[in-house]
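Just so you know, the numbering used here puts the end of the sequence shown at 1708, numbered straight through with nothing missing. The beta-carbon is built from N, C-alpha and C at its ideal position, and this holds for glycine as well. These notes concern the structure reproduced below.
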Amino acid sequence: MTEVVNLSRRGFLRAGALSGGGLILGVYLPTPGEAAEPPLAKPASFKPNAFLRIGSDNSVTVIVNHSEMGQGIYSGLAMIVAEELDADWTKVKVEAAPADPVYNHTMYGVQITGGSTSTISEWDRLRKAGATARAMLITAAAQAWKVAPGSCRANKSRVIHQESGIVLSYGELAEPASRLAPVRNVPLKDPANFTLIGTPVKRLDTPDKVTGAAVFGLDVTVPGMLVAVLARPPVFGGKAIRVNSAKALAVSGVRRVVEIDRGVAVVADGFWQARKGRAKLEIDWDLGDLSALDSHMQRDEYVELSRSPGAVARKQGDAEAALAASARVLESVLDLPYLAHAPMEPLNCVADVRPDGCDVWTGTQAQTLDHHAAALAAGLKPEQVKIHTTLLGGGFGRRAALDSHFVREAVLVSKAVKAPVKVIWTREDDLKGGYYRPAAHHVISAGLSEDGQITAWKHRIVCQSFIIGTPFEAAIVKDGVDETCVEGAADLPYEIPNILVDWKKAPSGVPVQWLRSVGHTHTAFVVETFLDELAHAAGKDPLELRRSLLAKHPRHLRVLDRAAQEFGWDKPLRDGRGRGLAVHQSFGSYVAHVVEISVSKTGKITVHRVVCAIDCGPIVNPDSIRAQMEGCIVFGLSTLHHEITFTDGRVKQRNFHDYPVLRMNETPEIEVHIVKSTDSMGGVGEPGVPPVAPAVANAVFNLTGKRIRRLPFRADDLKQA
């Protein structure tokens, strides 16, 4: 089998002819607005969309440009190629793509995994890649048999001459096919003829994960590698002004102590030696401007900011006038905390910086950003730097850092000690290390008419932006509004005549970035709990109010009705149980949850059952969709219990004992119902998270009559007298 060595644009095309032992297919498709010219005649006008490798041993290797972090994308994208290729699924395997512009995201223009877009972005070009390869293999077989290609068909990694029944395997055809020019404009399969897509398929990465052969970032070991941990400032924005490393260097196994811009690295033969050495460091810190940061004081600051108008995200009708004219006005003030991503595998990175090159091994969601940052930190040309993407032990957005800080650290330390270095973050480092979901303060009000109709809706959001000041600002910040802060609010689906949504930018300082479902994590909670409050105020069933306001939104209605039907919304619950629902659209998919809960006398909430319905459009692997919804629900339930808070500028939470995630014995019965749909495709990695918290909060009100207006849930708020 031929290995991929060079991914230059022209070399990418030429590789097949030079391989000898297999077919490496580079698929070039015109970008929108460009003519479909031959790639060699005008390579700059074409972007390679994907490629696969077919070995002489009949193996089919799909090179995947999106990171596998448990969501099953390695298998899902391989299924798309294998379907159009008519490959034998038992012969299919995947490799992580290197960092290279040929693998850039079709929507974002950089190589990145996020926004629940991996399948959406690759659907067309991977289908074309598989279909083109199939056509080339059929042509190669037809030439060998001296028959017309139309007399041949492909099936399970074989080409069959229909009249004679003679067969050649893809492995046998790989070498002659590699000498052919790529076929253009190959027709794709009719979805009605899919045999793999849409079926429950076992994931390709599972066996290695079960046996321990799978390689995550923490598993990487290279010859001569040292291990480092960093002492970072206890307050964000701080810096070391004096370092006494004598005691640290006296620890057996400690080799070096290195100061970099993000802290002080202790480099040792192994992790435990480095950790012990770090504990011996004596550092005087300049704590900087956030040394007095306090969560209670910050909340007061957000309240003050909310008293004046912000940048308008949506204005429909005249909400202010409609509120003034309403028979009744309801207002709610809600607070949501900073949240850490808390992946099971804390951050880590291996870097090997040499005078002539740099290799980086890490579980990353942002290869392009990390590649650029590593080159700058190493002082090398981009072509001298290679990013090796490992499996990720959870990402949730944490490993898509806009400043690539965890990669820069490893590169800088390796460069200083002139050896390969693995930088490991402990769980405590990870929780205290920032890059959180922003805290948010919401003030929302609505007007009701005499007959209980919603006449006006006004929603103000106060939170930080992690987009302003980054290369993504031009694309995401519109008219002074960071769309990540108002998504799920500015696109309110409910038919209300007068709507005003605005945003106030909160001061920066605490490092923040996207967390699984981004702005929807807080806007869905506010919108769906407040709508529930309006339903009860108007004397209406929460389900029926939503249905009446979503008449023009059939996909919302489909999932809402399906979840309610499967739950048995019209049936009575047992004593001591409450129920609640929420529906939300994000990342192109529509999800409704109905939950059943109980509350103990001490205020502890137990979620017994969650019924989920999702419409994500065309389905690749239903098993993956169900798994993702289950994961989203567990993730969403975890957010009900944890928060990141500050006292004297320091993060108070340290580990899972005070930043709890849902345990197995706390996990409810979960039912996932996939609504069949031929509408546009949506994502599945994130859309299941936003409706979880509001559905539970609404169930709590249904049972106790108490409204939850701040997260996480606090038992003291729900204690029975």
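How big is the Cα-Cα spacing for residue i and residue j?
| i | j | result |
| --- | --- | --- |
| V1146 | V1398 | 48 Å |
| G1008 | T1048 | Note that G1008 has pLDDT 47, beneath the 50 cutoff, so the model's placement of it is unreliable and no number is given. |
| A1312 | V1679 | 34 Å |
| A1388 | Q1572 | 25 Å |
| L1698 | H1629 | 8 Å |
| V1683 | N1689 | 10 Å |
| D1087 | K1080 | 21 Å |
| D1417 | I1411 | 10 Å |
| V1687 | G1567 | 8 Å |
| P1536 | Y1481 | Sequence check: residue 1536 is Leu here, not Pro. Those two C-alpha atoms are separated by around 5 Å. |
| V1173 | G1199 | 41 Å |
| R1564 | H1595 | 9 Å |
| R1301 | K1405 | 54 Å |
| D1357 | Y1157 | 37 Å |
| T1691 | R1545 | 29 Å |
| S1667 | I1601 | 13 Å |
| I1125 | Q1149 | 12 Å |
What is the DSSP secondary structure of residue i, counted as helix, strand or coil?
| i | result |
| --- | --- |
| F1393 | helix |
| I1486 | strand |
| Y1061 | helix |
| R1121 | helix |
| T1077 | helix |
| S1032 | Low per-residue confidence applies at S1032: pLDDT is 19, beneath 50, and the placement is therefore not dependable, though the value from the model is reported in the following sentence. Helix. |
| G1567 | strand |
| W1259 | helix |
| Q1354 | helix |
| L1323 | strand |
| R1040 | strand |
| A1083 | strand |
| D1602 | strand |
| H1543 | helix |
| S1432 | strand |
| A1168 | coil |
| E1246 | strand |
| H1092 | coil |
| N1335 | strand |
| W1272 | strand |
Quick one, are the C-beta atoms of residue i and residue j less than 9 Å apart?
| i | j | result |
| --- | --- | --- |
| L1502 | R1424 | yes |
| L966 | T1106 | Given that the chain is displayed from residue 988 to residue 1708, the structure contains no residue 966 and the question cannot be resolved. |
| H1375 | W1348 | yes |
| G1224 | D1276 | yes |
| R1386 | S1108 | no |
| G1059 | A1614 | yes |
| K1234 | L1268 | yes |
| W1076 | L1183 | yes |
| T1355 | I1099 | yes |
| G1434 | V1316 | yes |
| A1451 | K1492 | The question names Ala, yet the displayed sequence has Gln at residue 1451. Against a cut-off of 9 Å, the Cβ pair of K1492 and Q1451 comes out as a contact. |
| P1655 | E1515 | no |
| R1114 | I1067 | yes |
| E1653 | C1599 | no |
| Y1095 | N1052 | no |
| H1580 | I1620 | yes |
| K1409 | A1364 | no |
| Q1640 | K1419 | yes |
| L1334 | V1497 | no |
| G1623 | V1676 | yes |
| F1554 | L1627 | no |
Confirm the yes/no value for this check: CB of residue i, any heavy atom of the ligand FMN, distance under 8 Å.
| i | result |
| --- | --- |
| N1335 | Among the components modelled here there is no ligand, and therefore nothing to report on the ligand FMN. |
From this set, the options, which residue's C-alpha is nearest residue i's C-alpha?
| i | options | result |
| --- | --- | --- |
| C1336 | K1492, R1596, L1560 and L1217 | L1217 |
| A1538 | E1515, A1522, M1616 and I1483 | I1483 |
| R1249 | L1274, Y1061 and S1151 | L1274 |
| K1078 | H1092, S1062, G1555 and P1085 | S1062 |
So residue i and residue j are supposed to be a Cβ contact under 8 Å. How far apart are they, rounded?
| i | j | result |
| --- | --- | --- |
| P1674 | S1611 | That belief does not hold up - the Cβ atoms of P1674 and S1611 are roughly 14 Å apart, past 8 Å. |
| K1591 | A1702 | 6 Å |
| E1246 | V1222 | Contact doesn't hold; Cβ gap of about 18 Å is too wide. |
| V1430 | R1447 | 5 Å |
| S1278 | D1635 | 7 Å |
| V1513 | F1453 | Not really, about 19 Å apart at Cβ, beyond 8 Å. |
| T1589 | K1706 | 6 Å |
| F1383 | H1328 | 4 Å |
| D1478 | A1298 | That belief does not hold up - the Cβ atoms of D1478 and A1298 are roughly 16 Å apart, past 8 Å. |
For chain C, find out if any of its Cβ atoms is closer than 9 Å to the Cβ of residue i; answer yes or no.
| i | result |
| --- | --- |
| F1383 | Absent from the structure: chain C. Only one protein chain is present. |
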